[in-house]
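Below is one structure; the comments refer to it alone.
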Amino acid sequence: MAHEPVKITVEIFGEKHVVRGEGTAPYIQGLAHEVDKKMRLIAQRLPRLSVHQTAVLTALNLADELAKLREEQETLMQLLGEKTE
Numbered sequence: 457m458a459h460e461p462v463k464i465t466v467e468i469f470g471e472k473h474v475v476r477g478e479g480t481a482p483y484i485q486g487l488a489h490e491v492d493k494k495m496r497l498i499a500q501r502l503p504r505l506s507v508h509q510t511a512v513l514t515a516l517n518l519a520d521e522l523a524k525l526r527e528e529q530e531t532l533m534q535l536l537g538e539k540t541e
């Protein structure tokens, strides 16, 4: 079920951003919270990074997580395919 586009203001790493997207406001707020949490964790571990560097490193970490989850999903789908044959 597709949602109507929503416009919401979120705060990530101390900066407010207006986000438009499909989904509910709580869903988008949750995504922003996850990004904020990751950025703060990286900034805590590497305090000398600029905000831009922190954001790029956060994006790379999230992309890595996504790639690993896709690989895991593919493996599970292959295992399920083998069991049904």
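In the numbering used here, the protein residues as written are 457 to 541.
Yeah, the Cβ is synthetic: ideal placement off N, Cα and C, and Gly gets one too.
Values in this document were obtained by computation on a predicted structure and should not be read as measured data.
Spatial neighbours of residue i in its chain, beta-carbon cut-off 6 angstroms, leaving aside the 5 residues before and after
i, result
"Ala499", "Thr510"
"Lys472", "Thr465"
Beta-bridge partners of residue i, as assigned by DSSP
i, result
"Glu471", "Ile468"
"Lys494", "The partner list for Lys494 (beta bridge, DSSP) is empty, contrary to what the question assumes."
"Glu478", "Pro461"
Own chain residues within Cβ distance below 8 angstroms of residue i, not counting five before or after
i, result
"Met495", "Ile468, Phe469, Thr510, Ala511, Thr514"
"Ala488", "Val466, Glu467, Ile468, His473, Val475"
Beta-carbon proximity check, residue i vs residue j, cutoff 8 angstroms
i, j, result
"Gly479", "Val462", "yes"
"Ile484", "Val475", "yes"
Neighbourhood of residue i by C-beta, 7 angstroms cutoff - its chain only, sequence neighbours within 5 removed
i, result
"His459", "Glu478, Gly479, Thr480"
"Val507", "Phe469"
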